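> Handing you this structure, nothing more for now.
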Amino acid sequence: MAWAPLFARLVPFSHRLTRTSLCFFSIFFTYVCYCVLFPAESLMQKSVEPTTGCAHHHNHHHRQTKAPRIAETHTVRNHTPSPPLSSMKFGNKKLPKAIIVGVKKGGTRAVLEFIRIHPDVRAAGTETHFFDRNYDRGLEWYRGLMPRTLDSQITMEKTPSYFVTKETPQRISAMSRDTRLIVVVRDPVTRAISDYTQTLTKTPDLPSFQELAFRNQTLGIVDTSWNAIRIGLYALHLDNWLRFFPLAQIHFVSGERLITDPAGELARVQDFLGLKRIVTDKHFYFNRTKGFPCLKKPESSGSPRCLGKSKGRTHVQIDRDAIEQLRDFYRPYNIRFYEMVGHDFKWD
Ligand SMILES: Nc1ncnc2c1ncn2[C@@H]1O[C@H](COP(=O)(O)OS(=O)(=O)O)[C@@H](OP(=O)(O)O)[C@H]1O
Numbered sequence: 012m013a014w015a016p017l018f019a020r021l022v023p024f025s026h027r028l029t030r031t032s033l034c035f036f037s038i039f040f041t042y043v044c045y046c047v048l049f050p051a052e053s054l055m056q057k058s059v060e061p062t063t064g065c066a067h068h069h070n071h072h073h074r075q076t077k078a079p080r081i082a083e084t085h086t087v088r089n090h091t092p093s094p095p096l097s098s099m100k101f102g103n104k105k106l107p108k109a110i111i112v113g114v115k116k117g118g119t120r121a122v123l124e125f126i127r128i129h130p131d132v133r134a135a136g137t138e139t140h141f142f143d144r145n146y147d148r149g150l151e152w153y154r155g156l157m158p159r160t161l162d163s164q165i166t167m168e169k170t171p172s173y174f175v176t177k178e179t180p181q182r183i184s185a186m187s188r189d190t191r192l193i194v195v196v197r198d199p200v201t202r203a204i205s206d207y208t209q210t211l212t213k214t215p216d217l218p219s220f221q222e223l224a225f226r227n228q229t230l231g232i233v234d235t236s237w238n239a240i241r242i243g244l245y246a247l248h249l250d251n252w253l254r255f256f257p258l259a260q261i262h263f264v265s266g267e268r269l270i271t272d273p274a275g276e277l278a279r280v281q282d283f284l285g286l287k288r289i290v291t292d293k294h295f296y297f298n299r300t301k302g303f304p305c306l307k308k309p310e311s312s313g314s315p316r317c318l319g320k321s322k323g324r325t326h327v328q329i330d331r332d333a334i335e336q337l338r339d340f341y342r343p344y345n346i347r348f349y350e351m352v353g354h355d356f357k358w359d
């Protein structure tokens, strides 16, 4: 405003202006100069927020609120339409560096949903079943299912049935011997009941849990050919993986601790994947209604996120005797598993 006194001197009738009108005139003159020097479109190239330009206010302002500024800048410079930022594709699809290979009903969805909050992780949303059911489709088909990633990001997927499929370790090793493997394990008895509860929702006329679990319940003979039982023989399945991968390349998440201390389990997962510990207890809250940890509302927008209704079902009631018999059955397998991985999961 240094020009204002000079202006007052140059204009002969300025002495007749009141202080207020002089001030008003100064502002108006500044505004006119500003518009001449910085027309509306050139301002738009510099600012991120939609601002009101000096000219063509209404049209531009309208257009600005609809398209991201970076696209607008492009249009102004090249006079060609450009896609909105949200539809631009970054990075490329890569084969996974890490796979959650099991176990079914262990908490695999929770681990994937929690780790993918990490900015350096991107994951395929659905189970691909590439290494067990779709292997004939080839690696390019598999790669096509992956999200685009930047070079700094890790691609992941989860298919829990891999852990118990005989051919899978060899096939994953053939893709890359460096693939990192994550196995979410849970007390095999609870896991079997969870598995049965899920099957029952799809097949209501299923025989009882006991009928399927035992060949002869009086004699305590367990039917190991029933999938819900077989999956829990972790030590046997792990033997098969160790033929192709060193133990150091397999990380075991405790399905139980994942519920009581999700941040602690996720810290270990991030360490295993060589990631900075970004997913912490700040990201979780315990939802009393669901009875499980859920993700807090992301800072940007959205709402708090719990896993869907199929995660955390009320289990079918199984009598104590049957549970005790199954505990006895699994005990030696569990002990062997603890020895193999060097960690006691305390399932007894
Ligand atoms: N945060 C959170 N929210 C909800 N559920 C959780 C969570 N953390 C672990 N779990 C446990 O995950 C169990 C389902 O495991 P999976 O996701 O591996 O199931 S599946 O194999 O993909 O069907 C599911 O099993 P059920 O309780 O038997 O339904 C849960 O106990």
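Residue numbers for the sequence shown follow the working numbering, beginning at 12 and rising by one.
Don't be surprised by glycine CBs; every beta carbon is placed ideally from N, CA and C.
Treat the numbers as computed from the prediction; the structure is a model and nothing was measured.
In the DSSP output, what is residue 322 paired with across the bridge?
None, per the DSSP bridge assignment.
> Cα separation between residue 293 and residue 229?
Roughly 50 Å separates the two Cα atoms.
> Report all residues from its chain with a CB closer than 7 Å to the CB of residue 217; omit the five preceding and five following residues, and keep chain order.
The residues are 210, 211.
> Is any heavy atom of ligand 1 found at a distance shorter than 7 Å from the C-beta of residue 318?
Yes, since a heavy atom of ligand 1 falls inside the 7 Å radius drawn around the Cβ of residue 318.
> Which word fits residue 258, buried or exposed, when buried means at least 16 other C-beta atoms lie within 10 angstroms of its C-beta?
Per the 10 Å Cβ criterion, exposed.
> Going by C-alpha distance, which of 227, 296, 189, 234 is nearest residue 255?
Selected option, being the one with the closest Cα: 189.
> Consider the C-beta atom of residue 233 and the heavy atoms of ligand 1; say whether any pair is separated by less than 7 Å.
Flag unset: Cβ of residue 233 not near ligand 1.
> With the cut-off set at 8 Å, would you say residue 191 and residue 108 are in Cβ contact?
Going by C-beta atoms, residue 191 is nearer than 8 Å to residue 108.
> Assuming the contact rule is C-beta atoms closer than 8 Å, residue 128 and residue 286 should be a hit. Round their C-beta distance to whole Å, please.
So it is not a contact: roughly 11 Å between Cβ atoms.
> Could you compute how far the alpha carbon of residue 69 sits from the alpha carbon of residue 150?
With a pLDDT of 32 at residue 69, under the threshold of 50, the modelled position of this residue cannot be trusted; read the value that follows with caution. Roughly 52 Å between the two C-alpha positions.
> Quick one: Cα of residue 155 to Cα of residue 104, how far?
Looking at the two C-alpha atoms, the distance is approximately 7 Å.
> For residue 101, count the other beta carbons within 10 Å of its own beta carbon; 16 or more makes it buried, fewer makes it exposed. Which is it?
Burial call: exposed.
> For the putative contact between residue 119 and residue 143, defined by C-beta atoms under 8 Å, what is the C-beta separation to the nearest angstrom?
That pair is no contact at about 14 Å.
> Indicate the three-state DSSP secondary structure (helix, strand or coil) for residue 345 in the structure shown.
Residue 345 falls in the helix class under three-state DSSP.
> Give me the DSSP bridge partner(s) of residue 114.
Answer by DSSP bridge pairing: none, since residue 114 is not bridged.
> For residue 141, collect the residues of the same chain with a Cβ closer than 6 Å to its Cβ; drop the 5 residues on either side in sequence, then sort them by chain order.
Around residue 141: 153.
> Which two residues bound the contiguous alpha helix (DSSP H) that contains residue 207?
199-213 is the span of the alpha helix (DSSP H), which, as asked, contains residue 207.
> Distance, Cα to Cα, residue 357 vs residue 196?
Approximately 12 Å, taken between the alpha carbons.
> Determine the extent of the beta strand (DSSP E) in which residue 297 is found, giving its start and end residues.
Looking at the DSSP string, the run of the beta strand (DSSP E) that includes residue 297 is 295-298.
> My output table needs one value for residue 304: the three-state DSSP class, helix, strand or coil.
Strand at residue 304.
> Looking at C-alpha atoms only, which residue of 304, 290, 298, 351 is the closest neighbour of residue 249?
Of the candidates 304, 290, 298, 351, the one whose C-alpha sits nearest the C-alpha of residue 249 is 351.
> What residues in its chain sit with their C-beta under 6 Å from that of residue 164, if we drop five residues either side in the sequence?
The residues are 131, 133.
> Which of the three DSSP states is assigned to residue 241 in this structure?
Residue 241: helix per DSSP, three-state reduction.
> May I ask you to report which of helix, strand or coil DSSP gives residue 376?
Here the chain covers residues 12 to 359 and nothing more, so residue 376 does not appear.
> What did DSSP end up calling residue 186 once you bin it into helix, strand or coil?
Correct three-state label for residue 186: helix.
> If the criterion is Cβ atoms closer than 8 Å, does the pair residue 266 and residue 117 meet it?
In contact: residue 266 and residue 117 (Cβ atoms closer than 8 Å).
> Count the other CB atoms, across all protein chains shown, that sit within 10 Å of the CB of residue 244; report buried if there are 16 or more and exposed otherwise.
Counting Cβ neighbours within 10 Å, residue 244 comes out buried, since at least 16 surround it.
> Which of the three DSSP states is assigned to residue 280 in this structure?
Residue 280 falls in the helix class under three-state DSSP.
> Can residue 115 and residue 242 be called in contact, C-beta distance under 8 Å?
Yes, they are a contact pair.
> Who does residue 167 pair with in a DSSP beta bridge?
Answer is 109, 134, bridged to residue 167.
> Mind reading off the beta-carbon distance from residue 167 to residue 123? Whole number of angstroms is fine, and I expect it under 8 Å.
Correct: roughly 7 Å between the Cβ atoms.
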